[in-house]
Amino acid sequence: MSTLANSSNIFWHECPVGKTERHKLLNQKGCVVWITGLSGSGKSTLACSLSRELHSRGKLSYVLDGDNLRHGLNKGLGFSAEDRTENIRRVGEVAKLFADAGLICIASLISPYGKDRDACRAMLADANFIEVFMNMSLSLCESRDAKGLYKLARAGKIKGFTGIDDPYEPPLNCEINGFPSTIELSSFQQAVSPGDINSDANVFQLIQTHQKVEGYPSGSMVDFACDIDGSPILAVSSLATHTKDLLVNPKCSLLVARDPEDRTDLVITLHGDAVSVSEKDKAAIRTAYLAKHPNAFWVDFGDFQFIRIEPKVVRYVSGVATALLGSGEFSKEEYQAAKIDPIAQFSKPVASHMNRDHAEDTRLIVQHSTSIAVDSAYILDIDSLGFNVKAVYQGSTYKLRIPFPRRAEERKDVKTLVVEMLQAAKSQLSS
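Quick note on numbering: the sequence shown equals residues 195 to 625 in the working numbering.
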């Protein structure tokens, strides 16, 4: 290793064009998005998707991929602990320069050691370092094994392979905890499907309309149900401000959130046009509305009428903590074609059973899946791809996503998958 860095004859040279000027020129603020996780967890896929999305929005970014860098910048480095640290240090220095230049630098590397990632974070004094943890279990990454590396490592043909005979230290306080198995398009289509939107009575519902002060939308709390094709239906009074607004301008937005105080949860906004329900459709619409709101006796009052919101586009965001992974939109046709998640109807009874009778088993599964020794774990909800938990670790509460090894198609599959995951967790403890 050269001692040049310790020479007393090297001086820092300031240039007249600084970071602030570069940021103004590019109309963006430089930062580093550091994506870490096991081999096969989807780091490169996310990095490229994020870069493509930023490009489409007119933002300049560059991806530093771990494998690509070993063809050049880090070509002479191996996989010893010392070389891994030097590998990450070099990438951190380059990422810092890119961020200083005003680029959004996306670094995609396993970067297994917490101290090395923390050292890279410390390079950016203004805290523009966003750590993204691809939180996929070893068993799931190994089952994917697109490059065949896990198979070689298990056979002893690759030494020092992260997760097999070299440790991976998962982040504990990263900005974004990502769950690759939940970000495929079909899962979001299921999450915003008409049936799922209509099924949960305990949701926050807000309609935005155009009021008489042009250009300034107005918001109102409303109850709604869905008709047979998924279009939201409302029972509105002619005395309500939002009803008067809709009669003048039918364009509106309906925001639906299960818990508006939980920024990690899914929020759906349906944009469309409000139209009055015809007399021939009124009976069917009334039945659908009362099926969800059986105590809404006021729908038969003389000043009430039913309106239908004909969707144009549906947007979703999975919350502040996972915004890079979970936001987008669907057309009217995609929304109406979406299918209800087959496990959603069983979520509450299965979660209640697990929380009541198998709390310790859930904790073990979470510990095995995340490599974090949580103190407790409470299942919030379950779908065909996995389940969400509220976990307590060292006195703090975290919301975590635990993916299934494969998709569950029916209720009995959930039991089978949970048993498999529990057996894997107990096997690891005993080994």
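All residues carry an ideal CB built from backbone N, CA and C; glycine is no exception.
On a predicted model such as this, the values are computed, not experimentally measured, just so you know.
Quiz item: Of the choices Leu267, Thr556, Ser570, whose alpha-carbon is the least far from that of Glu614?
Solution: Within the sequence shown, the letter at position 420 stands for residue 614. Considering only alpha carbons, the answer is Thr556.
Quiz item: Taking the alpha carbon of Ala293 as the point to measure from, which residue in Val257, Arg264, Ser274, Asp310 has its own alpha carbon closest?
Solution: As a position in the sequence shown, residue 293 is number 99, starting the count at 1. It is Val257.
Quiz item: Roughly how many angstroms lie between the CA atoms of His562 and Leu254, to the nearest whole one?
Solution: Position 368 of the sequence shown, counted from the first residue, corresponds to residue 562. Position 60 of the sequence shown, counted from the first residue, corresponds to residue 254. Going by the C-alpha atoms only, they are around 38 Å apart.
Quiz item: Going by Cα to Cα distance, which pick from Cys242, Arg216, His217 is closest to Trp228?
Solution: Taking the sequence shown and counting its residues from 1, one reaches residue 228 at position 34. Among Cys242, Arg216, His217, the Cα nearest to that of Trp228 belongs to Cys242.
Quiz item: For Cys335 versus Ser250, is the C-beta distance shorter than 7 Å?
Solution: Position 141 of the sequence shown, counted from the start, is the residue given in the question as residue 335. Position 56 of the sequence shown, counted from the start, is the residue given in the question as residue 250. No, these two residues do not count as a Cβ contact at 7 Å.
Quiz item: Do you know offhand how far Ile352's Cα is from Phe418's?
Solution: As a first step, residue 352 must be located in the sequence shown, where it is residue number 158. As a first step, residue 418 must be located in the sequence shown, where it is residue number 224. One C-alpha to the other measures close to 58 Å.
Quiz item: Exposed or buried, Glu325, counting other C-beta atoms within 10 Å across all chains shown (16 or more means buried)?
Solution: By 1-based counting over the sequence shown, the position of residue 325 is 131. It is buried - the Cβ of Glu325 has at least 16 other Cβ atoms within 10 Å.
Exercise. Return the bridge partner residues of Cys446 from the DSSP annotation.
Key: As a working note, residue 446 is residue 252 in the sequence shown. DSSP output for Cys446 lists Thr403, Gly466 as bridge partner(s).
Exercise. Counting only the same chain and skipping the five closest in sequence on each side, list residues whose C-beta sits under 7 Å from that of Lys476.
Key: Within the sequence shown, residue 476 is the residue found at index 282, counting from 1. Hits under 7 Å: Phe500.
Exercise. Would you mind listing the beta strand (DSSP E) stretches within the stretch 231-319 that are 3+ residues and don't spill past its ends, in chain order?
Key: Taking only runs of at least 3 residues, the beta strand (DSSP E) segments lying wholly in the stretch 231-319 are 255-259, 298-302.
Quiz prompt | Span of the alpha helix (DSSP H), counted from its first residue to its last, around Lys620 | solution = Within the sequence shown, numbered from 1, the residue matching residue 620 stands at position 426. Segment 605-624, the alpha helix (DSSP H) holding Lys620.
Quiz item: Can you check whether the CB of Gly308 is closer than 7 Å to the CB of Glu363?
Solution: Taking the first residue of the sequence shown as position 1, residue 363 is located at position 169. Taking the first residue of the sequence shown as position 1, residue 308 is located at position 114. The answer is yes: Cβ separation under 7 Å.
Practice problem: Report buried or exposed for Cys446, applying the criterion of at least 16 other Cβ atoms within 10 angstroms of its Cβ. | Solution: Walking along the sequence shown from the start, residue 446 turns up at place 252. Classification for Cys446: buried.
Quiz item: Nearest CA to the CA of Asn268: which residue from Arg284, Leu240, Ile462?
Solution: Position 74 of the sequence shown holds residue 268. Ranking Arg284, Leu240, Ile462 by Cα distance to Asn268 puts Arg284 first.
Quiz item: Excluding sequence positions up to five away, which residues of its chain have a Cβ less than 6 Å from the Cβ of Ser305?
Solution: Within the sequence shown, numbered from 1, the residue matching residue 305 stands at position 111. Thr230, Ile282, Arg311, listed in sequence order.
Quiz item: Near Thr437, what residues of its chain come up, given a Cβ to Cβ distance below 7 Å and the 5 sequence neighbours on each side ignored?
Solution: Here residue 437 refers to the residue found at position 243 when the sequence shown is read from its first residue. Hits under 7 Å: Val430, Ser431.
Quiz item: Which class does Asn549 belong to by DSSP, given the choice of helix, strand or coil?
Solution: By one-based count along the sequence shown, residue 549 stands at place 355. Three-state DSSP puts Asn549 in a helix.
Quiz item: Going by DSSP, which residues form a beta bridge with Ile370?
Solution: As a position in the sequence shown, residue 370 is number 176, starting the count at 1. Paired residues: Val326.
Self-check item: Cutoff 8 Å; reference Asp359; Cβ partners in own chain excluding five residues on either side
Solution: Residue 359 sits at position 165 when you count from the first residue of the sequence shown. Only Ala347, Lys353 meet the Cβ criterion.
Quiz item: Where DSSP assigns a beta bridge to Asn203, which residues make up the other side?
Solution: For this step, residue 203 is matched to residue 9 along the sequence shown. Its beta-bridge partners do not exist; DSSP assigns none.
Exercise. Could you please give me the residues that DSSP links to Gln499 through a beta bridge?
Key: On the sequence shown, residue 499 is found 305 positions in, with the first residue counted as 1. DSSP lists Val430 as partners of Gln499.
Quiz prompt | DSSP three-state assignment for Ser590, whether helix, strand or coil | solution = Here residue 590 corresponds to residue number 396 of the sequence shown, with the count starting at 1. In the structure shown, Ser590 sits in a strand (DSSP, three-state: E or B).
Quiz item: Mapping DSSP to helix, strand and coil, what is Thr516?
Solution: Position 322 of the sequence shown holds residue 516. A caution first: Thr516 carries a pLDDT of 42, below 50, which makes its placement in the model too unreliable to give a value.
Quiz prompt | Beta-carbon separation (whole angstroms), Arg502 vs Asp421, contact threshold 8 Å | solution = Residue mapping note: residue 502 aligns to position 308 of the sequence shown, counting from 1. Residue mapping note: residue 421 aligns to position 227 of the sequence shown, counting from 1. So it is a contact: roughly 6 Å between Cβ atoms.
Quiz prompt | C-alpha distance - Thr564 paired with Thr279, whole-angstrom precision | solution = Reading the sequence shown from its first residue, position 370 is the one you call residue 564. Reading the sequence shown from its first residue, position 85 is the one you call residue 279. Approximately 23 Å, taken between the alpha carbons.
Quiz item: Would the stretch 519-533 and the stretch 587-597 be scored as touching if the rule is three or more Cβ pairs under 8 Å?
Solution: no
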